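Undergrad: Sharing a structure with you now.
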Amino acid sequence: MNMRLAVLGGGNMGGALVAGILAAKIVPPSRVTVTDVDTARANQLKKEFGVRTGHDNRAAVRNADVIVLCVKPLHMDGVLAELAGQIGRQTLVISVAAGVRSERIEKALGKVPVIRVMPNTPALLRAGTLVFSLGRYAKPRQETTAKKILSALGRVWKAPESRMDAVTALSGSGPAYVFYLAECLASAGASLGLSREMADALARQTVYGAGRMLAETKNSAAELRRRVTSPGHHRSGAEGVDRPRFGRNV
Numbered sequence: 001m002n003m004r005l006a007v008l009g010g011g012n013m014g015g016a017l018v019a020g021i022l023a024a025k026i027v028p029p030s031r032v033t034v035t036d037v038d039t040a041r042a043n044q045l046k047k048e049f050g051v052r053t054g055h056d057n058r059a060a061v062r063n064a065d066v067i068v069l070c071v072k073p074l075h076m077d078g079v080l081a082e083l084a085g086q087i088g089r090q091t092l093v094i095s096v097a098a099g100v101r102s103e104r105i106e107k108a109l110g111k112v113p114v115i116r117v118m119p120n121t122p123a124l125l126r127a128g129t130l131v132f133s134l135g136r137y138a139k140p141r142q143e144t145t146a147k148k149i150l151s152a153l154g155r156v157w158k159a160p161e162s163r164m165d166a167v168t169a170l171s172g173s174g175p176a177y178v179f180y181l182a183e184c185l186a187s188a189g190a191s192l193g194l195s196r197e198m199a200d201a202l203a204r205q206t207v208y209g210a211g212r213m214l215a216e217t218k219n220s221a222a223e224l225r226r227r228v229t230s231p232g233h234h235r236s237g238a239e240g241v242d243r244p245r246f247g248r249n250v
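Sequential numbering of the sequence shown, starting at 1, is according to our numbering.
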């Protein structure tokens with residue numbers, strides 16, 4: 001794609017976005033500018049990816065076709081105030097700031113096309129879940145551009161902005177619950193006599209394997225769960241919930 005990209009914020013998500021875009025050869029490094037307040041981080045991105053870096057957001061967006069706002073939500077108003085009057089109506093603005101509505105960005109920047117995105121942390125490994133919603137002025141061609149960019153970080157879905165809080169709760173926060181499950185599995189294994197290293201390794205592989213089954217088979221999560229759990233006579237205290245089948249010594 002023959003476009004110029006400005007990524008404002010070179011933190012984990014901004015860095016992941018740059019890495020994914022360059023790996024997918026969506027644009028060359030010479031057409032990407034990343035800004036960050038941390039000079040060391042900016043220099044690291046420049047050295048690693050060959051992109052342009054700097055601190056001046058206004059200079060970065062001056063000739064950009066697409067601007068990606070990767071700043072923390074608490075810094076968003078300051079960045080928007082800095083960019084007010086600097087962005088043309090044909091420049092696509094993509095925001096990955098959680099909880100920041102498109103309307104808020106449009107109010108600050110004017111009638112510009114805005115696309116709001118809720119990513120999750122597996123995007124750092126290009127295995128993310130990314131859901132986007134269109135702002136008031138976003139057109140189909142800009143939606144196509146956004147999907148192309150976001151697909152470099154994982155799988156992409158579209159939802160109305162009214163559903164973005166639900167998306168945040170499910171896929172945005174969801175990895176934390178999976179990590180907590182792995183933590184609990186490892187702790188349980190260690191308490192039953194396994195070494196901590198082995199318990200941790202088994203928990204990691206179990207979550208990885210189960211995730212692949214969910215992703216690569218057509219069976220529902222409920223069906224996959226039923227294949228592991230015991231028959232109905234081993235029910236737990238919660239009516240209708242089967243208990244997992246364990247070995248005799250557990």
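The beta-carbon is built from N, C-alpha and C at its ideal position, and this holds for glycine as well.
None of these values were measured; they are calculated from a predicted model.
Start and end of the beta strand (DSSP E) containing residue 118?
TA: 114-118
Undergrad: Along the chain, where does the alpha helix (DSSP H) containing residue 201 start, and where does it finish?
TA: 196-216
Undergrad: Does DSSP put residue 5 in a helix, a strand or coil?
TA: strand
Undergrad: Give every residue of the same chain whose Cβ lies closer than 6 Å to the Cβ of residue 116, excluding the five residues on either side of it in the sequence, and list them in chain order.
TA: The answer, listed in chain order, is 95, 102, 133.
Undergrad: Closest by CA to residue 40, which one among 68, 164, 11, 59?
TA: For residue 40, the nearest C-alpha among the options comes from 11.
Undergrad: Buried or exposed, going by whether 16 or more other CB atoms sit within 10 Å of the CB of residue 2?
TA: Looking at its Cβ environment, which holds fewer than 16 other Cβ atoms inside 10 Å, residue 2 is exposed.
Undergrad: Mapping DSSP to helix, strand and coil, what is residue 18?
TA: helix
Undergrad: What is the DSSP secondary structure of residue 128, reduced to helix, strand or coil?
TA: strand
Undergrad: Just verifying my parser: in three-state terms, what is the DSSP assignment at residue 50?
TA: coil
Undergrad: Touching or not, the stretch 149-166 and the stretch 120-133, by the rule of three or more beta carbon pairs under 8 Å?
TA: Cβ pair count under 8 Å is three or more, so yes.
Undergrad: Using DSSP with H/G/I as helix, E/B as strand and the rest coil, what is residue 220?
TA: coil
Undergrad: Could you tell me whether the stretch 56-74 touches the stretch 7-21, using the rule of 3 or more Cβ pairs below 8 Å?
TA: yes
Undergrad: For the alpha helix (DSSP H) that contains residue 155, what are its first and last residues?
TA: First-last for residue 155: 154-158, but that is the beta strand (DSSP E), not the alpha helix (DSSP H).
Undergrad: What first and last residue would you give for the alpha helix (DSSP H) that runs through residue 149?
TA: 140-150
Undergrad: Check each candidate in 27, 59, 24, 28 and name the one with the smallest Cα separation from residue 35.
TA: 59
Undergrad: Out of 185, 199, 140, point me to the one whose CA is closest to residue 92's CA.
TA: 140
Undergrad: If you draw a straight line from the C-alpha of residue 17 to the C-alpha of residue 27, how long is it?
TA: Distance between the alpha carbons of residue 17 and residue 27: 12 Å.
Undergrad: Between 49, 228, 178, 229, which lies nearest to residue 204 when the distance is taken from Cα to Cα?
TA: Closest option to residue 204, Cα to Cα, is 178.
Undergrad: Is the stretch 160-169 touching the stretch 183-194, taking contact as three or more C-beta pairs under 8 Å?
TA: No, the stretch 160-169 does not touch the stretch 183-194.
Undergrad: Go ahead and pull the three-state DSSP assignment for residue 91.
TA: coil
Undergrad: By DSSP's criteria, residue 66 is part of a beta bridge. Which residues make up the other side?
TA: 5, 92
Undergrad: Which one of 180, 181, 65 has the shortest CA to CA distance from residue 251?
TA: With the chain covering 1 to 250 only, the question about residue 251 has no answer from this structure.
Undergrad: Mind checking who residue 32 pairs with in its DSSP beta bridge?
TA: 5
Undergrad: For residue 134, write down the residues that DSSP places opposite it in a beta bridge.
TA: 115
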